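Report on one structure; see the data block that follows.
Residue numbers (our numbering): 1154 to 1395.
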């Protein structure tokens, strides 16, 4: 083989080795990549800190779990968190992993905990987060680039057995049950959704119900500014957070 031929063969071998290492690196670092994407997209959508304690993705089995996802509070609120999801399980369409959008067959959240903190002069923490979603945190977010900008479709989302702690300045904390939320076709029909857009579409109906219950509960307890049921109904109609 000529010197030129040997050089070409050597170059090909090096490229194959680099490509193989790249695949290995991606597979071995996928959990941390997903965790980072969730924290970035969640914080972008909600305007508050979002953190996860762990992520486990198995591409071979088409399954995944996100543990300890916590949504923080806007400035002016004291509770440890606004929303905590102990465990999120998902089923991934393995045939779509190399495509865009990636299709997630199902995402299930069971037993989430929310804290609705009502403070005079500050409103309700969950309402502030919901206002951020509506003002452009997720739905109007600009297109992302790179790996974190890949689109996704969530075929089914199930949010069940959630509870909410209502914290007010006039009474002891009260625990209320929230209704289940079931969504389908998130990102479908539009070429997929960015992670921030998907987060917004998922959180919006959950926060709407939670805020409605918080306002109603605060009114029943006589919290100043929440006593008039007619005002609350008008805010619901107009879509005003607090």
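Just so you know, even glycine gets a beta-carbon here, dropped at the ideal spot from N, CA and C. This one's a predicted model, so the numbers in the text were calculated from it and none came from an experiment.
For residue i, which three-state DSSP category applies?
i            : result
residue 1251 : coil
residue 1195 : helix
residue 1281 : helix
residue 1295 : Interpretation of residue 1295 is limited by its pLDDT of 47, a score under 50 that renders its predicted location unreliable; the figure taken from the coordinates is listed afterwards. Residue 1295 falls in the coil class under three-state DSSP.
residue 1239 : strand
residue 1378 : coil
residue 1190 : helix
residue 1304 : coil
Would you call the CB atoms of residue i and residue j closer than 7 Å?
i            : j            : result
residue 1186 : residue 1205 : no
residue 1309 : residue 1259 : yes
residue 1316 : residue 1328 : yes
residue 1280 : residue 1364 : yes
Taking residue i and residue j to be in contact with their CB atoms under 8 Å, please state how far apart those CB atoms are, rounded to whole angstroms.
i            : j            : result
residue 1237 : residue 1269 : About 13 Å; that fails the 8 Å criterion.
residue 1273 : residue 1377 : 6 Å
Could you check if residue i is buried or exposed, using at least 16 other CB atoms within 10 Å of its CB as the buried criterion?
i            : result
residue 1271 : buried
residue 1361 : buried
residue 1353 : buried
residue 1251 : exposed
residue 1182 : exposed
residue 1347 : buried
residue 1293 : Confidence is the limiting factor: at residue 1293 the pLDDT is only 48, short of 50, which leaves the residue's position unreliable, though a coordinate-based value still follows. With fewer than 16 other Cβ atoms within 10 Å, it is exposed.
residue 1337 : exposed
residue 1332 : exposed
What residue does the alpha helix (DSSP H) around residue i start on, and which one ends it?
i            : result
residue 1372 : 1348-1373
Considering just the uninterrupted stretch of the beta strand (DSSP E) at residue i, what are its terminal residues?
i            : result
residue 1208 : 1207-1211
residue 1319 : 1316-1320
residue 1218 : 1216-1224
residue 1269 : 1266-1272
residue 1334 : 1334-1339
residue 1330 : 1327-1330
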